[in-house]
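In the working numbering, the protein residues as written are 580 to 759.
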């Protein structure tokens, strides 16, 4: 959807020195060089080429971002959802969870939060669609029958091992009483 020639045009700008408090909804692209305290949401339905957010080196966003393509080289404090591509340039600082379809992370970029890829929808397999029969519920599986647990009774422990254990405990008791 997004190649170098077909990216959304940047039609909006929050210039350096500007500070906006409140949520911003936009079409096409927006460049942030100032400070935004609120969420940025791209309106995908109104844009033919998708939506683009570019956070410049001195730009700062205190809120979430949701767009098709997001390029960060500044500071973002909040969740990021890039429906297509998330590019974190060398001076990017992100404090929040991010989700993305494609990720490009340059050396020097920092992320403090979860990174969740958006995976293509997978068709359910026939094995996942099989339903367990009601009579099988609650019965023990055949491969588990006869498996011994770690608990052994005294009758199951061989006599030689019991004698070995009792002699070592007698020696420990003797050392303890002679030390006292």
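Glycine included, every Cβ here is placed at the ideal spot set by N, Cα and C.
Using the rule of at least 16 other Cβ atoms within 10 Å of the residue's Cβ for burial, across every protein chain shown, is residue 666 buried or exposed?
buried
Return yes when the Cβ of residue 649 is within less than 8 Å of the Cβ of residue 640, no when it is not.
no
Pop quiz: residue 670 and residue 687 are said to be a contact at Cβ under 8 Å. What is the actual Cβ separation, rounded to whole angstroms?
Indeed, because the Cβ distance is near 7 Å, the residues count as touching under 8 Å.
So, is residue 627 buried or exposed, given that buried needs 16 or more other C-beta atoms within 10 angstroms?
exposed
Would you mind sorting residue 586 into buried or exposed? The rule is 16 or more other CB atoms within 10 Å of its CB.
buried
Can you tell me whether DSSP reads residue 625 as helix, strand or coil?
helix
Counting C-beta neighbours from all protein chains within 10 Å, is the total for residue 598 16 or more, i.e. buried, or is it exposed?
Flag for residue 598 reads exposed.
Among residues of its own chain, excluding the 5 on either side of residue 617, which ones have a beta-carbon nearer than 6 Å to its beta-carbon?
601, 602, 642
At 3 residues or longer, and completely inside the region 644-708: list those beta strand (DSSP E) runs for me, N to C.
Listed in chain order, they are 644-651, 654-656, 659-667, 672-674, 677-684, 689-691, 694-696.
Cα-Cα, which of 637, 636, 647 is closest to residue 619?
647
So, using beta-carbon positions, are residue 680 and residue 663 closer together than 8 Å?
Yes, these two residues count as a Cβ contact at 8 Å.
Name, in chain order, the residues that DSSP records as bridge partners for residue 600.
616
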